[in-house]
Amino acid sequence: MGWAWALPVPGARACLTMDERTLKKHLERKRKLLQRLKPFIKPGSIVEFGCGSGFVLEFLSREFPHSRIIGIDNDLERVASVAEKNLPNVIPICAAIEENIFPAAVFDTAVFVCCLHEIFSQAGGEGVMKALRIACDVLKPGGAVIIQDYLKPESISVEVRFADELLLERFIRFAGEFKPRRVDYELHGDIVRVDAADAFEFVSKYHAEDEEHWQEEMHETHFFFTKSEFEVALGEVGFDVTSIEEPPGSGILTESHKGFSIKPSLKVGWIQVVGRKGLSKVNEESRP
Ligand SMILES: C[S@@+](CC[C@H](N)C(=O)[O-])C[C@H]1O[C@@H](n2cnc3c(N)ncnc32)[C@H](O)[C@@H]1O
């Protein structure tokens, strides 16, 4: 799942719903971030891993009308909604990335937007490495991989001050129930000291609108790799990292922080990493 938008917190005093204006701003921001993919895309055959309902595919289809674009996702409903869009040069496929359904060396570009954090949540670092190996395998030599996802901040202790008692209770519940990793924190009155990555995880989840959604969020981590971990992971599977940036203005949820503040004030980060399949490297690990 992505960030929980437009979701009132049950019982919370502050109204945390995202109004239409904020939603529009969020989509605008996402569109701007997609523009950053453009210079790195090698036209021809393009695959988006974890395409969801096709927000990125629409962009790719519009910008690269002469390319053949494949979207793959394991959620049938989302793949069906891509099909309904009838994008002229897009083929949606329902399959798990790890099924490795494509032949080797057929794509010019492979894209992961907001997908690898979900794979990490389901299958840990090994799952991410497997997905990256598959991407490397299906790319032609010199092909490009482009990743956009949440960026785990370097480990640093932050102070979260809760003006809202219910939100503090919600944080304590989060710390006890978050499954991907242990959340250590110190409580001093209405202030919690906690690692920045865990504070960000809370920021990404506290909106959950009902118990089912909350439980789902407790199994998902958004902030899984730091910048250097992305670089190492790409290098390990056979990519040369050619560009790595933290797009300015991509701080997410800043409008929605009602009821608490974080010091030092850090922006929830987003990263774009681009790699080229090393021309001399052979990647055989993803094939049986
Ligand atoms: C947050 S959505 C992003 C969708 C799209 N890329 C976008 O940015 O609008 C992540 C998508 O990855 C898909 N996904 C997660 N793990 C997957 C896997 N192992 N195989 C295929 N798809 C997967 C999910 O079903 C979901 O649709």
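This note's numbering applies: residue 872 is where the sequence shown begins, and numbers increase by one.
Ideal placement from N, C-alpha and C gives every residue a C-beta, glycine not left out.
Do residue i and residue j have their C-beta atoms closer together than 8 Å?
| i | j | result |
| --- | --- | --- |
| residue 1051 | residue 1092 | yes |
| residue 1067 | residue 1119 | no |
| residue 1096 | residue 1146 | no |
| residue 1098 | residue 1003 | no |
| residue 1031 | residue 1062 | yes |
| residue 975 | residue 1008 | yes |
| residue 1038 | residue 1130 | yes |
| residue 1042 | residue 1073 | yes |
| residue 983 | residue 1018 | yes |
| residue 1116 | residue 1140 | no |
What are the start and end residues of the alpha helix (DSSP H) that includes residue i?
| i | result |
| --- | --- |
| residue 953 | 947 to 956 |
| residue 1059 | Not the alpha helix (DSSP H): residue 1059 falls in the beta strand (DSSP E), residues 1056 to 1059. |
| residue 1067 | 1067 to 1076 |
| residue 1101 | 1098 to 1108 |
| residue 982 | Careful: residue 982 lies outside any alpha helix (DSSP H), inside the beta strand (DSSP E) at 978 to 984. |
| residue 926 | 926 to 934 |
Give the range of the beta strand (DSSP E) segment to which residue i is assigned.
| i | result |
| --- | --- |
| residue 822 | As displayed, the chain neither begins before 872 nor continues past 1159, which places residue 822 out of reach and without an answer. |
| residue 1148 | 1140 to 1148 |
| residue 962 | 961 to 965 |
Measuring straight from C-alpha to C-alpha, what distance separates residue i and residue j?
| i | j | result |
| --- | --- | --- |
| residue 902 | residue 953 | 17 Å |
| residue 906 | residue 924 | 18 Å |
| residue 998 | residue 1107 | 14 Å |
| residue 1028 | residue 1065 | 5 Å |
| residue 1049 | residue 1104 | 25 Å |
| residue 1077 | residue 900 | 22 Å |
| residue 955 | residue 1040 | 43 Å |
| residue 1155 | residue 1006 | Summary for residue 1155: the model assigns pLDDT 48, below 50, so the residue's position carries little reliability, and this model does not support an answer. |
| residue 1055 | residue 1070 | 11 Å |
| residue 1026 | residue 1094 | 11 Å |
| residue 928 | residue 894 | 20 Å |
| residue 1127 | residue 1138 | In this predicted model, residue 1127 has a pLDDT of only 49, less than 50, meaning its place in the structure is not dependable enough to derive any value. |
| residue 863 | residue 922 | Outside the shown range of the chain (872 to 1159) lies residue 863, about which nothing can therefore be said. |
| residue 1125 | residue 971 | Legend: pLDDT at residue 1125 = 46, less than 50; position of this residue unreliable, no value from coordinates given. |
| residue 911 | residue 1102 | 17 Å |
| residue 1020 | residue 951 | 24 Å |
| residue 913 | residue 1081 | 42 Å |
Please tell me whether, using a cut-off of 7 Å, the distance from the CB of residue i to the nearest non-hydrogen atom of ligand 1 is below it.
| i | result |
| --- | --- |
| residue 944 | yes |
| residue 984 | yes |
| residue 993 | yes |
| residue 967 | yes |
| residue 1131 | no |
| residue 1110 | no |
| residue 949 | yes |
| residue 922 | yes |
Touch test, the region 938 to 946 against the region 912 to 925, Cβ-Cβ under 8 Å, three pairs minimum: yes
Does the region 921 to 933 touch the region 959 to 966, meaning 3 or more C-beta pairs lie closer than 8 Å? yes
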